[in-house]
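A.B. asks:
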Amino acid sequence: MTAASTASVTFQGVRLRNGYTLHATLDAGVHTFFADAQEPLAQASLEELCALVAGVNAPRRGNLLVQGHRPYDHPPTRRRIASVLASEPPLVGPTVKDHVERVGSLLGVDVTDLDAPLDTWRERRAEHLDGTERRRLAAAIAFAQPAPLVAVLHEPTRIGPPLDEPRVLARIQSWREAGCVVICGTTDPRVAARLSTQAWSLSRIERAEAPRPEYLVRSGGARGLAARLVDHPAVSGLRYDEQLPRDLWVRGSDAEELADAIQAAVLAEGCELHELTQLQRQAHLPSTPGAP
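If you count by the numbering used here, then the sequence shown holds residues -10 to 281, one letter each, in order.
1) Thinking C-alpha only, which one of R91, Y9, P155, V171 is nearest Q232?
2) Looking at the structure shown, is H58 part of a helix, part of a strand, or coil, going by DSSP?
3) Could you name the residues of the same chain whose beta carbon sits closer than 6 Å to that of V85, not counting the 5 residues immediately before and after it, in chain order?
4) Consider the C-beta atom of R50 and the heavy atoms of the ligand GTP; say whether any pair is separated by less than 6 Å.
5) Looking at C-alpha atoms only, which residue of S225, Y229, V19, E261 is the closest neighbour of E246?
6) Once you ignore the five residues that flank A257 on each side, which residues in its own chain have a CB closer than 8 Å to its CB?
7) When you compare only the Cα positions, how much space is there between A26 and G259?
8) I'd like the list of long-range same chain contacts for V180, defined as Cβ closer than 6 Å, with 5 residues on each side in sequence excluded.
9) Using 8 Å as the cut-off, can you tell me whether the segment 69 to 76 makes contact with the segment 8 to 28, which would need three or more C-beta pairs spanning the two stretches below that distance?
10) Which whole-angstrom value describes the C-beta separation of L35 and A43, a residue pair presumed to lie in contact below a C-beta threshold of 8 Å?
11) If distances are taken between C-alpha atoms only, which option among N7, A47, L38, E37 comes closest to E28?
12) If I follow the unbroken alpha helix (DSSP H) through L35, where does it start and stop?
13) Specify the secondary structure class of W238 as computed by DSSP and reduced to three states.
14) Of all the options T(-1), D177, A115, which has the alpha carbon lying nearest to the alpha carbon of N52?
15) With DSSP as the reference, label W110 as helix, strand or coil.
16) State the start and end residues of the unbroken beta strand (DSSP E) segment that holds E203.
17) Measuring CB to CB, does R193 end up less than 7 Å from D236?
18) Strictly by DSSP, which residues pair up with R4?
19) According to DSSP, A301 sits in a beta bridge with which residue or residues?
20) From D230 to L158, what distance separates their C-alpha atoms?
21) Taking G51 as part of the alpha helix (DSSP H), name the residues at either end of that continuous run.
22) Grab me the residues of L212's own chain with a C-beta within less than 7 Å of its C-beta, minus the 5 sequence neighbours each way, in chain order.
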């Protein structure tokens, strides 16, 4: 059974540290949660959210379900969640080699073939790894899983070697295509905009400018579409990434005019259109005292 058949993450009134309450169901695809770097409480809530989805902790209030189960008290579900958290727990073996073998056996994946520089860590004592190194090791294990049910990644583009940004983005894309629910938490607005078809803000900034309409266009001719749309009056911005050659992000001031311009460009280019998705930028407002 593939992840695509049943993958979902449901927040049922999950209360975070900064007072935000989440009510949502996230289906297969990439979803980004953003916290402003100037808001320590929002950052703490971002870290908390990732740990909740990974099943490390139970919500302090509300309920969180992965495929209908609470991951923090359902080990079979938790084993199908790939995660890289802000603060990784201690290793489960006395050495890196022991940890990798035990976790790999538990997950049913081979993670013994580590890339440099992690391949030199095998005999290191577990207690000698610092927090950054534990994150890098956790990422190597997470990224070895071809099709987890859910993947949750805190600051995925700041993991460090050997997982540079292009490699991380490629893996996220492969998970997305496999039907996985990918949840990314970041304090970098550039990363938030680049990763996701749906972005959620955990920050309390209330005077933020309303987002302009934006579409993700996935096709067989993204580069050609970009050339046709760059000077179109309905288009205010484009983003094309060589690492994701089928994807083009297109912004404008009017959603309907923008969609018409994209459709016309696809016809003129004669390429196959695989997906046209209007990006949904949603922000959760702080809960008021006494709110459910």
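A virtual CB, placed ideally from N, CA and C, is assigned to each residue, including glycine.
C.D. replies: On the basis of the coordinates in this document:
1) If we check each option's Cα against that of Q232, P155 comes out closest.
2) Residue state, collapsed to three classes: strand.
3) W110, R111, R113
4) No copy of the ligand GTP appears in this structure; indeed no ligand is present at all.
5) Of S225, Y229, V19, E261, the residue nearest in Cα terms is S225.
6) Excluding the 5 residues flanking it on each side, A257 has same chain C-beta neighbours closer than 8 Å at R217, in chain order.
7) 43 Å
8) Taken in chain order, the residues that qualify are T146.
9) No, because fewer than three Cβ pairs between the segment 69 to 76 and the segment 8 to 28 fall closer than 8 Å, the two stretches do not touch.
10) 13 Å between Cβ atoms; not a contact.
11) The residue with the shortest Cα to Cα distance from E28 is N7.
12) In the DSSP assignment, L35 falls within the unbroken alpha helix (DSSP H) covering 29 to 43.
13) strand
14) T(-1)
15) coil
16) 203 to 208
17) no
18) T10
19) Here the chain covers residues -10 to 281 and nothing more, so residue 301 does not appear.
20) One C-alpha to the other measures close to 11 Å.
21) First-last for G51: undefined, no H or E at that position.
22) Correcting the residue identity first, residue 212 is Arg in this sequence and not Leu. So the list reads Y229, once near-sequence residues are dropped.
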